[in-house]
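Chemist: Would you mind keeping the following structure in view while I ask a few things?
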Amino acid sequence: MAKNKTFGIVIVVVAVIAVFLLVNSGGSNSGVQSITGGERVRIIAPASVGVGDTFQLAYDVSGASGSWAIPMEISVNGQCTLATEKPVLFNDRGTTQSHSETAPNNPGQCVYSGIYAVAGQQFNLNSATVQVLACIPSCQWNTVSACGTSANDGCGSTCNRIVQQLTEIDTNCNNKVDITELSNGITLWSNDQLGITVLSQAITDWASR
Ligand SMILES: [Ca+2]
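Read left to right, the sequence shown gives residues 1116 to 1324 (my numbering).
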């Protein structure tokens, strides 16, 4: 009887080890289980587009390993298009997938959001907001002087920037005094258009450029 009992215990121990190995093996082979949610799957959209523009809406996954596939269900709040085919990220198709979408002909905004599923669990995707603008601002810095601090953005507003100017000698505002600027400064000083201390500082700046 004692022999049979020992044999029974051995069988149970072997069975437990076998189940343990099977579970672990399954876990490592289904690499998709390495994704646990959070922000690892993202919707990526341009911050702004013009009315009627076509733009790329991308889905991106990071942190996935092994064999995986991630189905997603996306919705859009706004008048931008949404591809009718539901997106699925597949490990053999890369970690990013893009779809062409189109903005409406009126200004406004579109918000893409949705869910994705991993290992039988559902997670929320981030919300990606696309501003649909009647005019895309473009800062025309070439139309203002090097030291200009604002420029027309082409849409009725201005673009602003911080300009570093060492002294009034630094006429191209690159925070240095070159020999041309120093020569011009000497001329101004000779014509009593510049103080001697400003010139002296410019000489120091030029020497330590
Ligand atoms: Ca300069």
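For each residue, glycine too, the CB sits at the ideal point set by N, CA and C.
With a threshold of 16 other CB atoms inside 10 Å of the CB of G1300, please say whether the residue is buried or exposed.
Modeler: With 16 or more other Cβ atoms within 10 Å, it is buried.
Chemist: Note down, one range per segment and in chain order, each beta strand (DSSP E) of at least 3 residues found wholly within the region 1205-1277.
Modeler: Runs of the beta strand (DSSP E) inside the region 1205-1277: 1211-1217, 1223-1233, 1236-1239, 1243-1248, 1265-1267 and 1273-1275.
Chemist: Looking at the secondary structure, which residues open and close the beta strand (DSSP E) in which S1298 lies?
Modeler: Premise fails: S1298 lies in the alpha helix (DSSP H), I1294 to S1305, not in any beta strand (DSSP E).
Chemist: State buried or exposed for A1234, treating a residue as buried only when at least 16 other CB atoms are found within 10 Å of its CB.
Modeler: Flag for A1234 reads exposed.
Chemist: Does the separation of the CB atoms of V1245 and P1222 fall below 9 angstroms?
Modeler: No.
Chemist: Going by DSSP, what residue range makes up the alpha helix (DSSP H) through I1318?
Modeler: Element bounds for I1318: I1311 to A1322.
Chemist: Based on Cα-Cα distance, which residue from V1259, S1182, I1189 and G1181 lies nearest to Y1174?
Modeler: The residue with the shortest Cα to Cα distance from Y1174 is I1189.
Chemist: Identify, in the order they occur along the chain, each residue of the same chain with its Cβ nearer than 7 angstroms to the Cβ of V1176, setting aside the five sequence neighbours on each side.
Modeler: Excluding sequence neighbours, V1176 sits near R1155, V1156, I1185, L1204 and T1210.
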